[in-house]
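The sequence shown begins at 78 in the numbering used here and counts up one residue at a time. In this text, a Cβ means the ideal position worked out from N, Cα and C, and glycines have one as well. These notes are about the structure you will find just below.
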Amino acid sequence: MLSASRCTGLFLLSCVTLVLASCQPSPNTDINMPQVPQDPLVVPAGFPKPPVPANNPVTPVKVALGRSLFYATQLSRDGQHSCASCHQLSASFSDFGNAVSKGVFNETGTRNAPALMNVAYDTNFFWDGRATTLEAQASKPILNPVELGSDSNTVIANLSNSAYYRELFADAFGDQTITMPRIAQALATFERTLISGSSAYDQFKLGDSSALSPAAQRGLQLFTSKNVNCVACHSGINFTDNAYHSTGLDFQYEDEGREDVTGSPNDNGKFRTPSLRNIALTSPYMHDGRFTTLQQVLDHYNEGGKHNSTQDTLIHALQLTQPQMDDLIAFLQSLTDRSFVTRQDFTDPQTIK
78 MLSASRCTGL FLLSCVTLVL ASCQPSPNTD INMPQVPQDP LVVPAGFPKP
128 PVPANNPVTP VKVALGRSLF YATQLSRDGQ HSCASCHQLS ASFSDFGNAV
178 SKGVFNETGT RNAPALMNVA YDTNFFWDGR ATTLEAQASK PILNPVELGS
228 DSNTVIANLS NSAYYRELFA DAFGDQTITM PRIAQALATF ERTLISGSSA
278 YDQFKLGDSS ALSPAAQRGL QLFTSKNVNC VACHSGINFT DNAYHSTGLD
328 FQYEDEGRED VTGSPNDNGK FRTPSLRNIA LTSPYMHDGR FTTLQQVLDH
378 YNEGGKHNST QDTLIHALQL TQPQMDDLIA FLQSLTDRSF VTRQDFTDPQ
428 TIK
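Next comes the structure, spelled out in structure tokens:
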């Protein structure tokens with residue numbers, strides 16, 4: 078029979094052994110896996126839970142994979158570009174300052190890169206609505222010849238050669254098989270977590286009457302007024318009706334917009350209503366980035382458009398004074414959510430890939 082001191086010693090030795098074993102490196106000691114919150118789908122106060130497809134549930138490991146893929150240059154033909162090249166966190170995942178973006182081998186796009194915040198609530202994607210799910214949207218820039226310009230076989234081979242990605246795919250999907258549908262699902266899952274709802278306007282809506290300046294409050298009244306009626310298109314929690322409108326930008330549209338998808342001349346020059354959240358961070362504006370300031374945008378609407386054949390009847394001369402437009406700009410600036418663009422769990426995980 079062992080003495081009490083001998084038992085105590087063995088017990089302590091066992092504890093130390095267990096602790097040391099738990100600290101031993103995993104088989105992938107050189108891989109720093111990205112970290113995400115346990116519940117990555119953080120919904121702000123006053124927001125509903127966004128819809129999530131049954132065949133692509135949001136899980137922390139899938140978000141981690143999607144986040145890494147979002148910053149992965151392995152998705153591009155030249156190995157130099159990623160989704161984040163045209164969708165930067167600091168610009169609310171838009172391409173701040175660029176009317177249109179530069180893709181692989183300096184190829185130039187034709188439309189402005191839209192901001193990605195709150196896409197979880199959208200029902201259609203791209204300026205012309207050619208995708209109706211985030212999963213369908215996610216792979217199109219990868220395969221677009223002037224964006225990431227790659228092909229399925231190359232992308233799958235690039236990722237399959239990485240132990241880092243093989244492990245992430247195994248965590249997210251149960252095995253190491255890498256396919257384009259899985260890549261799209263992971264990217265869509267990460268994009269669903271990009272929810273913004275902590276602006277001054279949101280605090281005002283939750284009952285903090287001091288959250289909006291007097292100018293912003295006057296701007297809100299104009300925004301929802303019968304004459305200005307911005308809210309007719311920029312509605313709901315995300316300030317979009319998810320519909321398509323010709324806002325009279327041109328007498329004749331060079332870019333046919335929604336007509337490219339439907340083939341109907343009635344859709345010529347119609348583009349999807351963009352969200353106004355974080356609008357102060359996402360310049361330039363419109364589908365082709367023609368306006369660099371909010372003042373220029375309001376000047377266009379104040380003048381009532383070009384009166385082309387498909388121009389929406391909602392577009393008419395507003396006859397606003399400059400002080401009124403200043404108030405509207407103050408309101409639009411109140412939609413800025415600074416906490417969103419500083420979220421560490423949205424940044425490049427900077428891992429060894």
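- Assignment of beta-bridge partners to Arg367 by DSSP yields no partner.
- By alpha-carbon distance to Pro137, the top candidate from Glu212, Gly186, Pro130 and Pro117 is Pro117.
- For Leu358, no alpha helix (DSSP H) encloses it, and the DSSP letter there is neither H nor E.
- Under a 10 Å Cβ-count criterion, Phe328 is classified as exposed, with fewer than 16 other Cβ atoms of the shown protein chains found around its own Cβ.
- Put simply, the backbone Cα of Arg269 is about 32 Å away from that of Ser302.
- Scanning the region 253-303 for uninterrupted alpha helix (DSSP H) segments of 4 residues or longer gives 257-269, 277-282 and 291-300, listed from N- to C-terminal end.
- Taken in chain order, the whole alpha helix (DSSP H) runs of length 4 or more contained in the region 158-236 are 160-163 and 211-220.
- Going by DSSP, Leu326 is part of no alpha helix (DSSP H) at all; its letter is neither H nor E.
- Here the C-alpha atom of Ile406 lies approximately 10 Å from the C-alpha atom of Arg295.
- DSSP, reduced to helix, strand and coil, places Phe316 outside both helices and strands of the structure shown, so it counts as coil.
- Judged by their CB atoms, Leu299 and His377 are not nearer to each other than the 9 Å cut-off.
- Looking at the backbone, the Cα of Ala277 and that of Arg354 are separated by about 11 Å.
- In the three-state scheme derived from DSSP, where H, G and I count as helix and E and B as strand, His322 is classed as strand.
- For the 9 Å CB-CB criterion, Ile392 and Ser323 form a contact.
- If you draw a straight line from the Cα of Ser167 to the Cα of Gln410, it is about 15 Å long.
- Taking 8 Å as the upper bound for CB-CB distance, Ile255 and Ser237 are in contact here, some 5 Å apart.
- Beta-bridge annotation (DSSP): Arg349 is paired with Tyr321.
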